[in-house]
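Peer 1: Below is a structure I'd like to ask you about.
Residue numbers (the UniProt record's numbering): 1 to 71.
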């Protein structure tokens with residue numbers, strides 16, 4: 001599972017979804033899905049725009065979390 005830390009990063013920088021949309025040109029529904037962690041895929045160009053705007057690395061924005069198997 002991949003966890004998106006967009007909400008955490010925006011909170012730390014006191015930014016809103018509208019700020020990301022306005023400054024990056026990324027579709028609002030895409031940013032909203034990333035913020036609420038309901039997105040299932042992301043385009044590299046979108047990822048690059050968001051990381052450059054937030055001045056963060058891909059690893060700071062996205063994190064792979066290993067799901068444990070139920071026995």
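Just so it is clear, CB atoms sit at the ideal spot from N, CA and C, and this is done for glycine as well. Note that the structure is predicted; figures quoted are calculated from it, not measured.
1) May I ask you to check if the CB of residue 60 is nearer than 7 angstroms to at least one heavy atom of the ligand ATP?
2) What residue range does the alpha helix (DSSP H) around residue 17 cover?
3) Three-state secondary structure (DSSP) at residue 31?
4) Can you tell me whether DSSP reads residue 4 as helix, strand or coil?
5) Are the CB atoms of residue 2 and residue 63 within a distance shorter than 8 angstroms?
Peer 2: Well, looking at it:
1) This structure does not include the ligand ATP; it has no bound ligands of any sort.
2) 17 to 24
3) helix
4) strand
5) yes
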